[in-house]
Every structure is written in structure tokens, then in C-alpha cells.
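J.: In full-length UniProt numbering, the protein residues as written are 1 to 690. Glycine residues also receive a C-beta, built at the ideal position from the N, C-alpha and C atoms.
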Amino acid sequence: MADSLVIVESPAKAKTIGKYLGKKYIVKASMGHVIDLPKSQLGVEIENQFSPKYITIRGKGEVLKNLRDATKKVKNVYLAADPDREGEAIAWHLARALNIDENKKCRVVFNEITKDAIKEAFKHPRKVNKDLVDAQQARRILDRLVGYKISPLLWKKVKKGLSAGRVQSVAVKLIYDREKEIKEFVAEEYWSVTLLLETHGENFEAKFFGYDGKKTELHSNEEVKQLLESIEGYPVIISEVKKSERTRNPALPFITSSLQQEAARKLNFRASKTMSIAQQLYEGIELGKEGTVGLITYMRTDSTRVSQVAQEEAKQYIKKTYGEKYLPKNPRTAKKGKNAQDAHEAIRPTSVFKTPDSLKAFLSRDQLRLYRLIWERFVSSQMAPAILDTMMVDINIGERNALFRATGSKIKFPGFIKLYVEGNDDGNKDEERFLPPLEEKQELTLKNIDPEQHFTQPPPRYTEARLVKTMEELGIGRPSTYAPTLETIQKRGYVKLEDKKFVPTELGELVIILMKKFFPEILDVEFTAHMEDQLDKIEDGNLKWVDVLENFYRDFEKRLKHAEEEMKEVEIKDEISDQICEKCGRLMVYKMGRFGKFLACSGFPECRNTKPIVKLIDVSCPKCGGEIVERKGKKKLFYGCNHYPNCDFISFDKPITRPCPKCGGLMVEKRSKKGTQIQCTECDYKEEVQ
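1) Going by beta-carbon coordinates alone, are Ile238 and Leu388 separated by less than 8 Å?
2) Look at the alpha carbon of Asn129 and the alpha carbon of Gln137, and state the distance between them as a whole number of angstroms.
3) If you draw a straight line from the C-alpha of Glu120 to the C-alpha of Asp82, how long is it?
4) DSSP on His124, reduced to helix/strand/coil?
5) Contact check, Leu616 vs Glu606 under 8 Å by CB: the rounded distance?
6) Starting from the Cα of Pro356, find the closest Cα among His344, Glu345 and Arg377 and give me that residue.
7) Would you be able to state if there are at least three C-beta pairs under 8 Å between the stretch 20-36 and the stretch 519-530?
8) Are Phe404 and Phe208 closer than 8 Å when you measure CB to CB?
9) Counting C-beta neighbours from all protein chains within 10 Å, is the total for Thr485 16 or more, i.e. buried, or is it exposed?
10) Please state whether DSSP places Tyr211 in a helix, a strand or coil.
11) State the Cα-Cα distance for the pair Cys584 and Ala600, rounded to the nearest angstrom.
12) Spatial neighbours of Gly213 within its chain, please: C-beta separation below 7 Å, excluding the five flanking residues on both sides.
13) Quick one: grab the DSSP three-state call for Leu42.
14) When you compare the stretch 540-553 with the stretch 173-186, are there three or more beta-carbon pairs, one atom per stretch, that lie closer than 8 Å?
15) Between Gly18 and the rest of its own chain, which residues show a CB-CB distance below 6 Å, the 5 nearest in sequence each way excluded?
16) With three or more C-beta pairs closer than 8 Å as the rule, is the stretch 363-382 touching the stretch 248-266?
17) I need the DSSP call for Asp116, collapsed to helix, strand or coil.
18) Kindly list the residues whose CB is nearer than 7 Å to the CB of Ile613, restricted to its own chain and excluding five residues on each side of it in sequence; keep chain order.
19) Between the stretch 188-197 and the stretch 449-456, do at least 3 Cβ pairs fall closer than 8 Å?
20) With a CB to CB cut of under 7 Å and the five nearest residues on each side skipped, what residues in its chain are close to Tyr148?
21) Which residues does DSSP pair with Lys28 in a beta bridge?
22) Check Pro645 in the structure and name its three-state DSSP category.
23) When DSSP labels each residue in this structure, what does Lys19 get in the three-state scheme?
24) Using the rule of at least 16 other Cβ atoms within 10 Å of the residue's Cβ for burial, across every protein chain shown, is Arg300 buried or exposed?
25) What's the C-alpha gap between Lys360 and Lys320?
26) Hey, which unbroken runs of the beta strand (DSSP E) at 3 residues or more fall wholly within the stretch 303-390?
27) By the 10 Å Cβ neighbour count, where 16 or more other Cβ atoms means buried, how is Lys13 classified, buried or exposed?
28) Among Phe652, Asp143, Tyr462 and Lys156, which residue has its Cα nearest to the Cα of residue 714?
29) Considering just the uninterrupted stretch of the beta strand (DSSP E) at Lys501, what are its terminal residues?
30) Does DSSP classify His454 as helix, strand or coil?
31) Would you tell me roughly how many angstroms separate the C-alpha atoms of Met392 and Ser409, rounded to the nearest one?
32) Which same chain residues, not among the five before or five after Ala340, have their C-beta less than 7 Å away from its C-beta?
33) In its own chain, which residues sit with a C-beta less than 8 Å from the C-beta of Tyr462, not counting the 5 before and 5 after it?
34) Report yes if the CB atom of His93 is closer than 8 Å to the CB atom of His33, and no otherwise.
35) Asn428 by DSSP, collapsed to three states: which one?
36) Rounded to the nearest angstrom, what separates Leu227 and Ala206 at their Cα positions?
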């Protein structure tokens with residue numbers, strides 16, 4: 001008979017933990033938060049020290065009732081929500097709803113869902129940490145005050161449905177400012193001059209560096225002509241050869257932001273997708289006879305710290321797989337970032353002996369790709385540095401002593417590079433550049449001179465990875481906020497992705513201009529970063545949450561009153577499409593709804609015709625010969641005929657252009673955890689997709 005109840009957030013986590021704890025424990029899921037501020041009103045009594053008015057979330061009444069009933073049948077109740085502020089808040093709300101004494105040691109936390117970690121955690125339950133709860137509560141109320149006070153103002157003066165979140169507004173401003181930089185950028189001309197040289201049948205390149213050993217930039221064709229005239233007819237002789245050995249250290253294990261950045265670069269994952277898959281790997285995957293196992297440590301962290309046990313395990317694996325020489329002389333130590341809370345370890349596999357290849361049969365394609373990235377990054381971080389032999393060759397030519405320089409490198413010892421190399425946003429900079437054997441005073445054969453004109457480029461637009469990196473560096477938000485912030489600013493129509501880069505919309509620009517005028521502190525990076533520091537101090541017990549809110553609201557209230565009086569109404573014209581309304585013949589316009597953009601008749605309210613935005617996929621309907629289009633439902637994409645409702649063809653699997661080689665029927669892509677398969681919809685033909 002069970003004598004303890006354990007409450008976690010998700011059924012997957014409940015299943016994994018239940019297996020480790022055994023029959024004496026009942027493990028149930030709260031399905032996330034059960035208590036929150038109401039959606040229909042502010043829910044904060046400002047005059048009563050910002051007292052929140054919490055309610056049971058709609059649809060969670062039955063969940064809460066079941067949990068209350070379960071508590072009556074056991075002696076002990078343990079709250080095992082995620083080990084962060086959000087998880088602590090969930091535990092606190094549950095403790096109050098289930099009438100658990102606040103002094104009772106009912107809170108259990110763990111950084112990884114493995115048998116040993118779970119058993120150890122349940123030996124050391126603690127009280128709910130009220131400082132953590134207060135920090136989360138302060139963030140929630142801050143965001144509620146900003147959102148629920150500014151948003152109605154924007155609805156009234158600009159357009160219904162707008163919102164102005166505290167962190168999201170700064171993210172939009174970063175994108176807006178970058179676009180402004182790009183538009184105002186003035187390109188400057190510059191030139192490069194490259195020599196193609198030969199020695200003993202081997203070619204290599206040297207680039208112009210400057211005159212008399214000083215770096216000189218070439219800004220015009222005239223300057224290039226003067227350079228070429230100064231070296232014409234002169235012998236090409238090496239003046240100096242510098243050889244050295246360079247050590248390159250591996251990247252540290254992932255934290256939340258670096259995982260999102262690297263998954264974007266190497267796997268083309270959106271931040272939200274990365275976090276969703278990481279959550280699955282953390283909560284547990286079914287591994288056949290072994291049962292459900294948590295494969296990675298907690299994925300919301302800003303610390304690169306690694307436990308001694310994990311370091312020792314990695315050492316054993318590296319020694320056995322690669323040999324003693326691939327172990328570093330001294331173990332690497334974690335670097336604590338400027339804004340890091342250091343509450344958890346880095347993101348790492350719960351066991352390095354669970355290699356990606358050993359888990360192929362149990363993981364979906366995307367789960368395997370992300371797990372491999374995390375596994376390789378961690379193992380490589382525990383490996384020896386790479387050693388590179390580098391060579392720099394200086395060549396002085398002509399009457400003005402023009403200096404051309406060639407650089408090369410080759411890997412002397414690969415170290416961690418044997419397993420993993422960190423990506424970057426500017427392409428691959430890690431290629432070896434070989435130079436032939438070269439000596440001082442050696443004369444070279446000049447085969448070709450290549451002068452090339454260039455123009456300076458504006459700063460690049462933000463990708464998701466670049467924006468997360470910038471937010472982290474500026475101290476805006478915390479690990480748990482990056483992905484939802486990026487999702488929100490797109491859903492609101494403030495920014496859009498073009499070629500995987502963020503561009504502000506006309507609406508986004510207008511909102512930022514108004515916010516800059518009336519609420520400059522909300523958009524101020526330093527102010528937002530300062531608020532994050534204040535929340536950290538609440539968590540550490542060094543500040544009272546009510547004091548932080550009072551200090552913020554004092555000036556914010558004055559700004560609100562000024563904006564209500566001075567902000568003028570702005571009309572935003574709808575973007576006109578090339579689609580004709582089939583009911584009245586007017587052009588249709590793009591509108592923003594709960595589930596994204598849709599088309600509506602410009603004749604509203606006389607004509608109320610609306611329709612979804614569809615995407616042709618170049619496949620004919622097997623029923624009527626019409627065009628199959630991609631449509632967006634409430635929860636997922638589906639494919640249907642453009643002659644709907646006259647044709648009712650529908651498929652939740654993506655049709656492909658190629659007909660079935662066996663019967664000529666329509667074929668579709670079937671996606672599952674094990675990968676993608678092409679199947680015919682009319683016969684038994686199948687083929688695997690590599």
C-alpha cells in the first residue's frame with residue numbers, strides 16, 4: 001500500500017519517477033500550473049501592497065480535486081516540480097491548495113531524472129523556498145502590470161489585440177534598432193590585393209598587409225594602382241617566417257542559451273523546438289527493457305558547472321575510447337557568467353555511456369540529433385585541448401617595402417576536435433590552411449596578382465541564435481524566458497522571419513516608436529537588466545518583492561497618466577492582398593487573429609467573408625484534380641483540396657509530387673519517432689527516407 005504522494009508537472013515525468021520510487025509512492029501530474037492570476041482582469045490589488053488575486057486555472061478544477069482526494073489516502077505529500085523559480089511557484093501553489101503546512105519538508109528537487117539522483121533527492125526533502133517563490137511572483141506581477149496597463153492603451157490608440165510585455169518589448173526594440181542601423185548604413189569602399197605564389201610546384205596565397213610593417217588599408221583603385229606599380233618587376237623574397245604552436249581549448253558544456261544557439265546553427269531548430277525536445281529528453285524516454293530513463297540534466301540553466309561524478313564518468317569513457325593522451329592534464333573548471341544564478345549544473349547527458357548510437361532505436365530523428373549535440377558537446381568539453389602548428393610568412397616587395405602576409409596552420413594533435421567543434425554564425429572558420437615548407441630569404445615565383453574591390457557590409461539582422469546571445473549578454477531575461485519571448489513577438493505581428501532573420505513589421509515599428517516616447521524605461525536595456533538583478537536579489541533573500549514593485553510602479557503610474565492624456569490615436573491600414581473576395585468582388589486584406597494571419601474582405605462590415613491563408617504544394621488532388629494546399633488548423637498543419645467544400649479531400653500527412661511507382665497513386669510523408677517513411681495512400685508501397 002502506497003504511503004506517499006509525489007506531484008510533478010507532466011505525465012512523462014511522473015512515469016519515469018514512479019518507476020524509480022517503487023510501490024510505496026503514488027506519482028501524479030499537475031499538468032503544469034494549477035493556480036494563476038485571472039486572464040480577464042489585472043488580478044493585482046495595487047493599493048494593498050500588490051497583493052495577487054490567484055484563482056484556479058480554468059479546466060484545472062478536476063485535476064486539483066483528484067490531487068486533494070489522493071492526499072487523503074497517504075501520510076506524506078512531496079512536491080517535485082522542476083528545480084527553478086517556476087517549479088518552486090508551482091510547488092507553493094500546490095502546497096496552499098492542498099493545505100500542506102508551509103514548515104513541512106515537502107519539496108524535493110533534482111537536476112537529473114535518474115535512479116540515483118531521485119533516490120538521493122528523496123532523502124533530503126526541504127521546505128518550499130519562499131524567496132524563490134517571491135522572485136517568481138515579483139516577475140509575474142511586474143509583467144502583469146506592464147502588460148495589462150499598457151496593452152489597453154495600445155488597443156485604444158492603435159489597434160485591438162496588441163500587447164506590451166516587459167522583456168518582449170526590449171527584444172522587439174533590439175530588432176527595430178538593428179533594422180534602423182542597416183537602413184542608415186553607408187557602405188565604404190576598400191580593396192584587397194592577393195598574390196598567388198609558387199615554390200617547388202606548390203601554390204599558396206599571400207595578402208597585402210601594409211607598408212614598412214604597419215597595417216595599411218586600401219580605399220580606392222588609385223591606391224591599388226600605386227601599390228602594383230611599386231612592386232612591379234621586383235623579386236618576391238620571404239623576409240620572415242614565424243612558426244609557433246597554438247593550443248585551442250574545447251567549448252564548455254551547454255547552458256540554455258548556448259544550446260539554443262548551437263541547435264539553430266547545426267540543426268536548424270527554432271528555440272521553442274529545442275526546448276520542447278530537451279524537455280522530453282530530461283523527463284524520460286522509453287528504452288525498451290530498461291524502461292523510461294531521463295537522458296539529460298535539467299535544460300534551464302545558466303551554469304557550466306559539472307558534478308565530480310559526471311567528470312569521472314567522462315574521464316573513463318574518453319580513456320577507453322580515445323586513449324590516455326586525449327585526457328586533459330588538469331580538469332576544466334566552470335566559468336560563472338556575469339548574470340549567472342549557478343543554481344544547476346550544465347546541460348549534459350545523465351550517463352556518457354548512453355551513447356547516441358546506442359539509443360538510435362528509441363529516439364525520434366530530432367530527439368537523436370539534439371541528444372547527439374548535447375552528448376558530443378559535453379564529452380568534448382572534458383577532452384584535451386587541440387594543438388595546432390601555425391606558420392606566418394612575411395614577404396616584403398619593392399621600393400615602398402610593401403608587406404604581404406601568408407598564414408597557415410595544421411593540426412598537430414586533434415584533442416577534442418576529434419569529436420566536436422563549436423559552430424559559429426559566420427560560417428566555418430576552422431578549416432586548416434596549409435602552407436608548403438618555406439624559409440627566410442627564399443625567392444618565390446609570382447604567378448598572379450588579384451586586386452579585388454569590396455564594400456563594407458551593414459551589421460547582420462538577428463537570427464534566433466544571435467538574438468538569444470545578445471539578450472543573454474545584455475542580461476535581458478533568463479534561461480526560461482528566451483524561447484517564449486521569441487514566440488510571442490512573432491505571434492503579436494511585431495516581427496517576422498525573412499530568410500530565418502528577424503525583420504520588424506510596420507506594426508512593430510509603430511509600437512516601439514510610441515513606447516520610446518511614453519515608456520522609455522520599459523525599452524531601456526540597462527533598466528530591464530537592472531530589474532533582472534533585482535529579481536535575483538529577491539531570490540537570494542536580500543530584497544523584499546513588494547519594495548521592488550513599489551519602486552517600479554511609482555514612476556510607471558506617472559508615465560501611464562501622461563500617455564493616456566498625450567498619446568494620439570494612430571490608424572494602421574491593413575495590408576492589401578492580391579486575393580479577390582468571391583462573395584463581393586472586393587480585394588481581401590491580411591488580418592491578425594488568435595492563430596496567426598488570415599484573409600478578410602476589405603468591405604467589412606458589409607461583407608464578413610474570411611478565409612485562411614493557404615500555401616500551394618504543387619500536388620494535384622486525387623479526388624477532383626484540384627490543387628492540394630497546406631492549411632493551418634488550431635493545433636497542427638493539414639493538407640486539403642482548394643475546391644473545399646465541394647471536395648472533401650484531407651490529409652494530415654504531407655503529399656509529395658512523385659506518384660506511386662507501383663499503382664500511380666498519391667504518396668505521402670509519414671513521420672514518426674523512428675524517422676520518415678514514404679507511403680502510398682492506395683496500395684501497400686513503402687520506402688524509407690534516409
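T.: So, from the data block:
1) In the sequence shown, the residue the question calls residue 238 occupies position 238. In the sequence shown, the residue the question calls residue 388 occupies position 388. Against a cut-off of 8 Å, the Cβ pair of Leu388 and Ile238 comes out as no contact.
2) Taking the first residue of the sequence shown as 1, we reach residue 129 at position 129. Taking the first residue of the sequence shown as 1, we reach residue 137 at position 137. C-alpha separation (whole angstroms): 12 Å.
3) Indexing the sequence shown from 1 puts residue 120 at position 120. Indexing the sequence shown from 1 puts residue 82 at position 82. The straight-line gap from Cα to Cα measures roughly 16 Å.
4) Sequence index remark: in the sequence shown, residue 124 carries index 124 (1-based). Three-state DSSP puts His124 in coil, outside helix and strand.
5) To locate residue 616, count along the sequence shown from 1; it is residue 616. To locate residue 606, count along the sequence shown from 1; it is residue 606. Actually they are not in contact, since the Cβ atoms of Leu616 and Glu606 sit about 30 Å apart, beyond 8 Å.
6) Start at 1 with the first residue of the sequence shown, and residue 356 comes out as number 356. The candidate whose alpha carbon is nearest that of Pro356 is Arg377.
7) no
8) Sequence index remark: in the sequence shown, residue 404 carries index 404 (1-based). Sequence index remark: in the sequence shown, residue 208 carries index 208 (1-based). Yes, these two residues count as a Cβ contact at 8 Å.
9) Along the sequence shown, one-based indexing puts residue 485 at 485. Buried.
10) As a working mapping, residue 211 is identified with position 211 in the sequence shown. Of the three classes helix, strand and coil, the one that applies to Tyr211 here is strand, per DSSP.
11) Walking along the sequence shown from the start, residue 584 turns up at place 584. Walking along the sequence shown from the start, residue 600 turns up at place 600. Those two C-alpha atoms are separated by around 12 Å.
12) For the purposes of this step, residue 213 is taken as residue 213 along the sequence shown, with counting starting at 1. Leu403.
13) The sequence position of residue 42 within the sequence shown is 42, counting from 1. Residue state, collapsed to three classes: coil.
14) no
15) Position 18 of the sequence shown, counting from 1, holds the residue named residue 18. Within the same chain, Gly18 has close Cβ partners Val27.
16) yes
17) Here residue 116 refers to the residue found at position 116 of the sequence shown. If DSSP states are grouped into helix, strand and coil, Asp116 belongs with the helices.
18) Locating residue 613 in the sequence shown gives position 613, where the first residue counts as 1. Counting only Cβ-Cβ distances below 7 Å, and skipping sequence neighbours, we find Lys597, Phe598 and Leu599.
19) yes
20) The residue given as residue 148 occupies position 148 in the sequence shown. Cβ neighbours of Tyr148 beyond the five flanking positions: Leu42.
21) The sequence position of residue 28 within the sequence shown is 28, counting from 1. Paired residues: Ile7.
22) Start at 1 with the first residue of the sequence shown, and residue 645 comes out as number 645. If DSSP states are grouped into helix, strand and coil, Pro645 belongs with coil.
23) Indexing the sequence shown from 1 puts residue 19 at position 19. Helix, per DSSP.
24) On the sequence shown, position 300 is the one that residue 300 refers to. By the 10 Å Cβ count, Arg300 comes out buried.
25) Residue mapping note: residue 360 aligns to position 360 of the sequence shown, counting from 1. Residue mapping note: residue 320 aligns to position 320 of the sequence shown, counting from 1. Straight-line Cα distance between these residues: approximately 22 Å.
26) none
27) On the sequence shown, residue 13 is found 13 positions in, with the first residue counted as 1. By the 10 Å Cβ count, Lys13 comes out buried.
28) Any property of residue 714 remains undetermined from this structure, which presents the chain solely from 1 to 690.
29) Locating residue 501 in the sequence shown gives position 501, where the first residue counts as 1. Lys501 -> beta strand (DSSP E) spans Lys501 to Pro504.
30) On the sequence shown, residue 454 is found 454 positions in, with the first residue counted as 1. Correct three-state label for His454: strand.
31) Translated into the one-based positions of the sequence shown, residue 392 becomes position 392. Translated into the one-based positions of the sequence shown, residue 409 becomes position 409. Going by the C-alpha atoms only, they are around 9 Å apart.
32) Counting from one through the sequence shown, the residue named residue 340 turns up at place 340. Its pLDDT being 49, under 50, Ala340 is placed unreliably in this model, and the coordinates cannot settle the point.
33) Numbered from its first residue, the sequence shown carries residue 462 at position 462. The residues are Leu174, Ile175, Arg178, Thr470, Lys501 and Phe502.
34) For the purposes of this step, residue 93 is taken as the residue at position 93 of the sequence shown. For the purposes of this step, residue 33 is taken as the residue at position 33 of the sequence shown. Yes; because the gap between Cβ atoms is below 8 Å, this pair is in contact.
35) Locating residue 428 in the sequence shown gives position 428, counting from the first residue. Confidence at Asn428 is low in this model, with a pLDDT of 48, below 50, so the placement of that residue is unreliable and no value is reported for it.
36) The residue labelled residue 227 in the question sits at position 227 within the sequence shown. The residue labelled residue 206 in the question sits at position 206 within the sequence shown. About 15 Å.
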